[in-house]
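Student: What follows is a single structure, and I will ask about it in a moment.
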Amino acid sequence: MDLGLNEEQEMLRQSARDFLRRECPKQLVRQLDESDEGYSSELWRKMAELGWMGLVFPEEYGGGGRDFSDLAILLEEMGYNIVPGPFFSTVVLGGLTILIAGSEEQRMEFLPKIARGGIILSLALTEPTASYDAASVKTKAVARNGEYVIKGTKLFVLNANVADYILCVARTRKTKDPEDGITVFLVDARSPGLKCTLLKTLARDKQCEVVFDDVTVLEKSIVGKRDEGWPIVKAILQKAAVAKCAEMVGGAQAALDMAVNYAKERVQFGRPIGSFQAIQHYCANMAMDVGGSRFVTYKAAWRVSEGLPAALDAAIAKAWVSEAYGRVALSAHQIFGAIGFTMDHDIHLYYRQAKAAEIIFGGADFHRAIVARELGL
Amino acid sequence: MDFKFTEDEEAFRREVRQWLEREIPQRWIELDPGIWEETEESWALAREFQRKLGQKGWLAPAYPKEYGGLELSHMKRLILSEELAYNRTPMSIEEEITVNWVGPSIMLFGTEKQKKEYLTKMAKGDIIFCLGYSEPNAGSDLASLQTRAAEVGDDYVINGQKTWCSYGHLADYCWLAARTDPDASRHEGISIFIVDMKTPGITVRPLINILNRHSFNEVFFDDVRIPRENLVGQKNKGWYQLVIALDLERSSIGYAAGNQRIIEELIKYVKETTRNGEPLANDCLTRNELAQLVVENEVARMMAYRIAWMFSKGLHPSYESSMSMVFVSEVMRRTANTGMRILGHYGELDRDSKWAVMNSRIMRMCLSSLSIGVGGGSNEIQRNIIAIRGLGLPRK
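As they're listed, the protein sequences go chains U and G.
With my numbering as the guide, the letters of the first sequence map in order to residues 39 to 415.
With my numbering as the guide, the letters of the second sequence map in order to residues 139 to 534.
Encoded structure:
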């Protein structure tokens with residue numbers, strides 16, 4: 039058993055940390071948050087040059103051949119620094135879906151492009167019900183003359199506004215089992231009938247409404263098998279939940295570090311506020327939340343990496359980290375007091391990140407329901 | 139990153155499990171004493187069982203072989219502690235204190251003679267120490283202790299009062315912290331002694347705990363004479379020895395493993411119970427709360443694993459142990475609380491009732507879990523340690 043990082047992972051962490059401190063200052067983060075695109079093509083290109091986009095793809099697809107726990111380390115650093123942009127949607131939601139479920143032809147076509155930073159992907163799963171269950175997938179894809187016509191509205195679709203391709207989860211058959219009859223399509227974002235509207239959100243992440251109004255796609259754009267798409271979605275949601283936890287662990291660590299540093303410097307009543315027990319205990323609780331989050335996340339990431347059943351551990355991690363990061367960010371705000379309530383200060387970036395991350399891919403209640411099911415309840 | 143135990147470690151776990159299944163006496167299972175619930179009968183059973191564990195080398199597996207240990211790896215010790223706690227092995231809390239606090243301190247600070255005298259007996263389960271730390275006016279502020287040990291000829295003469303001495307009425311020795319230099323500053327001038335509990339001048343008075351059992355004691359020292367050779371380590375440096383000893387081997391894995399068993403029993407209960415014509419397991423709130431306990435206990439387990447892992451890497455956890463301890467203690471209290479909510483009125487019943495469920499474990503835990511998070515350094519003190527030692531926050 040080794041709960042630490044191996045040498046390669048240490049190197050990855052250190053280089054990611056150095057790179058992001060240099061290339062992604064908070065000034066850029068704010069600028070991108072306020073922009074419509076939400077990413078910097080220059081930063082995107084540099085990240086691709088470092089091999090981040092293809093990190094977990096096998097070498098034959100232009101990737102780095104590393105495993106999922108390495109990706110978790112990288113995401114932890116990205117969360118620490120807050121890196122706006124479509125990395126998560128392109129690599130985790132898009133790339134991994136194609137890697138695990140795509141045909142050889144699809145892999146050869148798309149993965150090297152993703153690895154080079156050449157294309158941006160997005161996953162259109164959730165709809166106006168805003169939940170992650172199969173029954174909520176109402177968007178229809180109807181077969182017509184060897185093609186499919188997609189109609190429906192997708193909501194909360196990350197980075198669809200800048201995506202080149204959108205993986206659309208649609209219903210191709212309706213039976214009593216809502217998990218049956220779902221198909222994943224890889225859709226060119228420039229297809230006629232596809233309309234994307236940016237939503238204004240708390241975290242200023244780029245979530246979109248994507249309307250598919252009779253969007254026609256070829257049969258070869260199906261990822262996996264027709265009607266058998268739900269297991270793919272489930273597998274990707276599991277990985278995405280763990281990957282999001284890794285990002286949250288980084289964000290929570292950053293919020294803790296910022297609050298502790300401030301508590302050491304801020305003087306009131308003639309002494310640093312960090313010398314007061316009330317503040318010390320906030321910080322101690324935050325440190326416990328961060329530490330606990332890190333190790334349940336690593337455990338889940340390790341299980342995913344090893345290809346072991348990970349449903350329980352992924353749900354445990356997302357249920358815990360979702361709430362733990364929220365508590366950490368909230369306590370950080372309390373320690374910063376009034377200055378934290380300004381746009382000028384950085385801590386709100388983390389608070390916003392925590393809120394968005396808590397909700398996406400199912401919040402704590404959603405994942406506790408999975409835990410209960412996994413326990414045979 | 140690797141959360142797998144080796145094949146050898148898994149085999150060891152199976153061996154421990156099978157052995158415990160075979161060896162734990164039926165009478166112990168009937169008595170089922172929880173923490174702080176020991177009786178004379180259960181104490182005798184526990185002592186007997188400890189000797190058995192001692193023969194296997196599993197009582198003090200970390201000790202050097204010359205003192206009856208196995209020099210077992212940190213990971214195997216983690217596994218052993220986990221299995222002992224999960225399987226509700228007959229062991230008293232004082233045994234843990236003797237083997238995991240007192241023994242390692244003697245190893246670090248004791249003389250060769252003391253090591254030979256005490257360590258082997260500890261590893262065999264032949265002797266039990268109680269702790270003589272707290273006093274009526276020295277709880278969390280332990281350094282304000284007043285019990286005096288004065289050098290008189292070749293002896294030390296001890297006067298004062300200790301309290302909360304768990305199982306002091308049954309222990310063979312007291313691991314005593316006393317003031318040897320009353321003029322020095324608080325942290326200077328404290329020394330550690332080994333005191334035979336049969337020494338004349340010692341009076342032990344019971345304190346009946348919240349479970350209505352005799353586990354704690356007040357211990358009075360009235361001109362108690364002990365030989366000078368019973369001083370452990372350096373005179374007047376006892377405080378520093380004591381602080382170092384507090385960091386030794388406290389992964390709190392036992393608490394997480396014991397709690398896991400209780401959560402599993404709660405899950406079994408809700409699966410088997412019908413309420414208002416519906417299986418209790420279908421109730422949304424119950425499912426949610428039980429799942430949360432499972433989540434929290436897994437976090438607690440990982441925190442404890444982290445301690446063992448750090449030791450295995452040659453690192454020395456300090457505030458990490460505090461984190462693990464605080465966290466698991468609070469998970470245990472929440473487990474009792476959630477259990478009570480799920481069981482409702484049934485949770486209130488003591489074991490003598492035919493209506494009692496889960497052997498009244500939840501009601502007993504409701505009471506016993508109050509002590510976890512107080513004894514051995516309250517959670518507030520532990521949080522101070524996390525903040526000051528772990529995060530570097532200023533004292534002033």
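Don't be surprised by glycine CBs; every beta carbon is placed ideally from N, CA and C.
Along the chain, where does the beta strand (DSSP E) containing Pro338/G start, and where does it finish?
Tutor: For this step, residue 338/G is matched to residue 200 along the second sequence. Looking at the DSSP string, Pro338/G is not in any beta strand (DSSP E), and its letter there is neither H nor E.
Student: Just to confirm, are Leu134/U and Ala54/U a CB contact at a threshold of 8 Å?
Tutor: On the first sequence, residue 134/U is found 96 positions in, with the first residue counted as 1. On the first sequence, residue 54/U is found 16 positions in, with the first residue counted as 1. No, these two residues do not count as a Cβ contact at 8 Å.
Student: Distance cutoff 8 Å, beta carbons only. Does Gly514/G sit that close to anything in chain U?
Tutor: Mapped onto the second sequence, residue 514/G falls at position 376. Chain U contact via Cβ: absent.
Student: Per DSSP, which one or two residues make a beta bridge with Ser160/U?
Tutor: Numbered from 1 along the first sequence, position 122 holds the residue referred to as residue 160/U. Per DSSP, Ile204/U.
Student: Check for me: the alpha helix (DSSP H) holding His212/G runs from which residue to which?
Tutor: Stepping through the second sequence from its first residue, residue 212/G is reached at position 74. Residues 212-224.
Student: Does DSSP classify Pro365/G as helix, strand or coil?
Tutor: Residue 365/G sits at position 227 when you count from the first residue of the second sequence. In this structure, Pro365/G counts as strand in the three-state DSSP scheme.
Student: When you check each C-beta in the region 268-281 of chain U against every C-beta of chain G, which residues fall closer than 8 Å?
Tutor: Cβ contacts with chain G come from no residue of the region 268-281 of chain U.
Student: Can you name, in chain order, every residue of its own chain whose Cβ lies under 7 Å from the Cβ of Ala292/U, other than the five neighbours on each side?
Tutor: Position 254 of the first sequence, counted from the start, is the residue given in the question as residue 292/U. Excluding sequence neighbours, Ala292/U sits near Tyr118, Tyr388.
Student: According to DSSP, which residues form a beta bridge with Tyr311/G?
Tutor: For the purposes of this step, residue 311/G is taken as the residue at position 173 of the second sequence. Paired residues: Phe267/G, Asp334/G.
Student: Taking Cβ positions only, does Ser107/U come closer than 8 Å to chain G?
Tutor: Stepping through the first sequence from its first residue, residue 107/U is reached at position 69. True, the Cβ-Cβ gap to chain G drops below 8 Å.
Student: Can you tell me whether Asn299/U is buried or exposed, with buried defined as 16 or more other CB within 10 angstroms of its CB?
Tutor: Counted from its first residue, the first sequence places residue 299/U at position 261. By the neighbour-count rule (16 or more Cβ atoms within 10 Å), Asn299/U is not buried but exposed.
Student: Asp361/G and Ser459/G - do their beta-carbons sit closer together than 8 Å?
Tutor: The sequence position of residue 459/G within the second sequence is 321, counting from 1. The sequence position of residue 361/G within the second sequence is 223, counting from 1. Not a contact, by the Cβ cut-off of 8 Å.
Student: Cutting at 7 Å between CB atoms, please list the residues of its own chain near Ala273/U, excluding the five before and the five after it.
Tutor: Numbered from its first residue, the first sequence carries residue 273/U at position 235. Around Ala273/U: Ile138.
Student: How would you write the range of the beta strand (DSSP E) that Glu185/U sits in, first residue to last?
Tutor: Numbered from its first residue, the first sequence carries residue 185/U at position 147. 185-196 is the extent of the beta strand (DSSP E) around Glu185/U.
Student: Using a Cβ cut-off of 8 Å (strictly closer), state whether Glu436/G contacts chain U.
Tutor: Here residue 436/G refers to the residue found at position 298 of the second sequence. Closer than 8 Å: yes.
Student: In the DSSP output, what is Asp293/G paired with across the bridge?
Tutor: Residue numbering aside, residue 293/G sits at position 155 when the second sequence is read from its first letter. Val290/G, Pro365/G, per the DSSP bridge assignment.
Student: Is any beta-carbon of chain G found at less than 8 Å from that of Cys283/U?
Tutor: Translated into positions along the first sequence, residue 283/U becomes position 245. Cys283/U does not count as touching chain G.
Student: What first and last residue would you give for the beta strand (DSSP E) that runs through Val255/U?
Tutor: If you number the first sequence from 1, residue 255/U lands on position 217. Taken as a continuous stretch (DSSP letters only), the beta strand (DSSP E) holding Val255/U covers 245-256.
Student: Is there a Cβ from chain U that is less than 8 Å from the Cβ of Leu531/G?
Tutor: For the purposes of this step, residue 531/G is taken as residue 393 along the second sequence, with counting starting at 1. So, interface residue.
Student: Where Leu423/G and Thr258/G are concerned, what is the direct C-alpha to C-alpha distance, given to the nearest angstrom?
Tutor: Within the second sequence, numbered from 1, the residue matching residue 423/G stands at position 285. Within the second sequence, numbered from 1, the residue matching residue 258/G stands at position 120. Using only the alpha carbons, I get a separation of about 52 Å.
Student: Helix, strand or coil: which one does DSSP assign to Thr476/G?
Tutor: On the second sequence, residue 476/G is found 338 positions in, with the first residue counted as 1. Note: Thr476/G maps to helix in three-state DSSP.
Student: For the alpha helix (DSSP H) that contains Lys84/U, what are its first and last residues?
Tutor: For the purposes of this step, residue 84/U is taken as the residue at position 46 of the first sequence. It spans 79-87 - the alpha helix (DSSP H) in which Lys84/U sits, taken as one unbroken run.
Student: Within the 8 Å Cβ cut-off, does Met39/U reach chain G?
Tutor: Looking up residue 39/U in the first sequence gives position 1. Interface residue, yes.
Student: Near Val466/G, which residues of its chain fall below 6 Å by C-beta distance, leaving aside the five closest residues on each side in sequence?
Tutor: Here residue 466/G is taken as the residue at index 328 of the second sequence, counted from 1. Closer than 6 Å at Cβ, skipping near neighbours: Ser390, Tyr393, Ala394, Ala438.
Student: Is the Cβ of Ile377/U closer than 8 Å to any Cβ of chain G?
Tutor: What you label residue 377/U is simply residue 339 of the first sequence in a count that begins at 1. No, Ile377/U lies away from the interface with chain G (no Cβ there is under 8 Å from its Cβ).
Student: Quick one: which residues of the region 476-497 of chain G get their C-beta closer than 7 Å to a C-beta of chain U? List them in chain order.
Tutor: Residues: none.
Student: Across the region 148-168 of chain U and the region 97-105 of chain U, are there enough close Cβ pairs to call them in contact, namely three or more that are closer than 8 Å?
Tutor: Yes, since at least three Cβ pairs between the region 148-168 of chain U and the region 97-105 of chain U fall closer than 8 Å, the two stretches touch.
Student: So, is the C-beta of Tyr300/U closer than 8 Å to a C-beta in chain G?
Tutor: For the purposes of this step, residue 300/U is identified with residue 262 of the first sequence, where counting begins at 1. Taking Cβ atoms only, chain G never reaches closer than 8 Å to Tyr300/U, which makes this a no.
Student: Assign Val290/G to buried or exposed, taking buried as 16 or more other Cβ atoms, counted over all protein chains shown, within 10 Å of its Cβ.
Tutor: Counted from its first residue, the second sequence places residue 290/G at position 152. Burial call: exposed.
Student: Return the CA-CA distance between Asp202/U and Phe95/U, expressed in angstroms with no decimal places.
Tutor: Within the first sequence, numbered from 1, the residue matching residue 202/U stands at position 164. Within the first sequence, numbered from 1, the residue matching residue 95/U stands at position 57. Distance between the alpha carbons of Asp202/U and Phe95/U is about 19 Å.
Student: Alpha carbons only, please: which of Arg341/U, Lys302/U, Gly132/U, Pro269/U is nearest the one belonging to Glu217/U?
Tutor: In the first sequence, residue 217/U corresponds to position 179, counting from 1. Among Arg341/U, Lys302/U, Gly132/U, Pro269/U, the Cα nearest to that of Glu217/U is on Pro269/U.
Student: Would you report the Cα separation of Tyr123/U and Arg242/U, rounded to the nearest angstrom?
Tutor: By one-based count along the first sequence, residue 123/U stands at place 85. By one-based count along the first sequence, residue 242/U stands at place 204. In the sequence as presented, Tyr is not what sits at residue 123/U; that position holds Gly. Going by the C-alpha atoms only, they are around 11 Å apart.
Student: Please tell me whether Leu349/G and Glu175/G are closer than 8 Å, where the distance is taken between their beta carbons.
Tutor: Reading the second sequence from its first residue, position 211 is the one you call residue 349/G. Reading the second sequence from its first residue, position 37 is the one you call residue 175/G. Yes, these two residues count as a Cβ contact at 8 Å.
Student: Return no unless some Cβ of chain G is closer than 8 Å to the Cβ of Asp56/U.
Tutor: On the first sequence, position 18 is the one that residue 56/U refers to. Chain G, which has no Cβ nearer than 8 Å to the Cβ of Asp56/U, makes this no.
Student: Taking only three categories from DSSP, how would you classify Leu183/G?
Tutor: Here residue 183/G refers to the residue found at position 45 of the second sequence. Residue state, collapsed to three classes: helix.
Student: Near Thr419/U, which residues of its chain fall below 8 Å by C-beta distance, leaving aside the five closest residues on each side in sequence?
Tutor: Absent from the model: residue 419/U. The displayed extent of chain U is 39 to 415, so no value can be given.
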